[in-house]
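In the working numbering, the protein residues as written are 1 to 253.
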């Protein structure tokens, strides 16, 4: 299911719940209940709960945003290292360049089509990717430089293979969710408590108050959706985060 559809459904359901609960509550309220004033202590408690939840929610957003940015940087470094290998091979014979390019293409294709879905589902990616990267290292390590230019390019090429390998390990280590289950429980429970305070404030059925309640509910749902969306550093669906590696794949005719 697309992420925008998940957010839309969740937002609509929560807003409907707020409106329906408010209307039903006022149908059942006692005729002599005074809803004109809210006790001062209740207003203070509502304010404190809102502030605490806002801090927790802000920290969660900052944490998942940082993890997403770090994951994107890791993929970019991995793709850049492979790109540098391809570009630095111009001093080698054409047949050797084509061989290494073919192995780089196979590695990038495997990473995008096989490893990304496995990372999204938080399952083992296997050893195929490491073997494909090992073939690139073996190609370069076992090719004897034929002249001074090739000799100068030899060690930098191996360094780029090591950089790609290091970035790959960081990428696999960053797969999965960022926030533990206990944090998610706190975020959801805090949202329920915060929205539940709308009723303790004795909101009425006026259009202005219902609009305020639904707007606030939509904001809370949006922020939780934002945390959920960024909680997976490489995304919950598709391979958009693999674009730097996808650019390395040679289009098929």
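Cβ coordinates follow ideal geometry from the N, Cα and C atoms, glycine included.
Note that the coordinates shown come from a computational prediction; the quantities given were computed from them, not determined experimentally.
What would DSSP say about residue i, mapped onto helix, strand or coil?
{"i": "residue 31", "result": "Unreliable positioning characterises residue 31 in this predicted model, as indicated by a pLDDT of 46, which lies under 50. The coordinate reading is nonetheless provided below. Correct three-state label for residue 31: coil."}
{"i": "residue 272", "result": "Limits of the chain in this structure are 1 at one end and 253 at the other, which puts residue 272 out of reach."}
{"i": "residue 14", "result": "helix"}
{"i": "residue 146", "result": "coil"}
{"i": "residue 239", "result": "coil"}
{"i": "residue 229", "result": "helix"}
{"i": "residue 93", "result": "coil"}
{"i": "residue 218", "result": "helix"}
{"i": "residue 179", "result": "coil"}
{"i": "residue 185", "result": "helix"}
{"i": "residue 138", "result": "helix"}
{"i": "residue 75", "result": "helix"}
{"i": "residue 8", "result": "helix"}
{"i": "residue 121", "result": "coil"}
{"i": "residue 234", "result": "coil"}
{"i": "residue 63", "result": "helix"}
{"i": "residue 126", "result": "coil"}
Going by alpha carbons, who is nearest to residue i out of the options?
{"i": "residue 9", "options": "65, 139, 232 and 221", "result": "221"}
{"i": "residue 71", "options": "191, 223, 209 and 235", "result": "235"}
{"i": "residue 270", "options": "196, 148, 228 and 93", "result": "Not covered by the structure: residue 270. The range shown for the chain is 1 to 253."}
{"i": "residue 121", "options": "156, 161 and 233", "result": "233"}
{"i": "residue 146", "options": "241, 129, 212 and 96", "result": "96"}
{"i": "residue 223", "options": "250, 60 and 107", "result": "60"}
{"i": "residue 192", "options": "20, 99, 53 and 67", "result": "53"}
{"i": "residue 134", "options": "116, 103, 144 and 213", "result": "103"}
{"i": "residue 139", "options": "101, 111 and 165", "result": "101"}
{"i": "residue 106", "options": "69, 130 and 150", "result": "130"}
{"i": "residue 12", "options": "226, 219 and 68", "result": "219"}
{"i": "residue 87", "options": "231, 153 and 163", "result": "153"}
{"i": "residue 239", "options": "69, 91, 117 and 43", "result": "117"}
{"i": "residue 62", "options": "230, 241, 242 and 247", "result": "230"}
{"i": "residue 20", "options": "227, 246 and 213", "result": "213"}
{"i": "residue 91", "options": "110, 144 and 44", "result": "144"}
{"i": "residue 226", "options": "48, 17, 68 and 80", "result": "68"}
Just confirm the distance between the C-beta atoms of residue i and residue j, as a whole number of angstroms; I'd bet it's less than 8 Å.
{"i": "residue 258", "j": "residue 168", "result": "Look at the range of the chain in this structure, 1 to 253, and you will see that residue 258 is not part of it."}
{"i": "residue 64", "j": "residue 187", "result": "So it is not a contact: roughly 11 Å between Cβ atoms."}
{"i": "residue 244", "j": "residue 75", "result": "5 Å"}
{"i": "residue 249", "j": "residue 157", "result": "Contact flag wrong, Cβ pair sits at about 20 Å."}
{"i": "residue 50", "j": "residue 194", "result": "6 Å"}
Which word fits residue i, buried or exposed, when buried means at least 16 other C-beta atoms lie within 10 angstroms of its C-beta?
{"i": "residue 55", "result": "exposed"}
{"i": "residue 127", "result": "exposed"}
{"i": "residue 82", "result": "buried"}
{"i": "residue 66", "result": "exposed"}
{"i": "residue 175", "result": "buried"}
{"i": "residue 208", "result": "exposed"}
{"i": "residue 124", "result": "exposed"}
{"i": "residue 32", "result": "Confidence is the limiting factor: at residue 32 the pLDDT is only 47, short of 50, which leaves the residue's position unreliable, though a coordinate-based value still follows. Its Cβ having fewer than 16 others within 10 Å, residue 32 is exposed."}
{"i": "residue 190", "result": "buried"}
{"i": "residue 185", "result": "exposed"}
{"i": "residue 242", "result": "buried"}
{"i": "residue 119", "result": "buried"}
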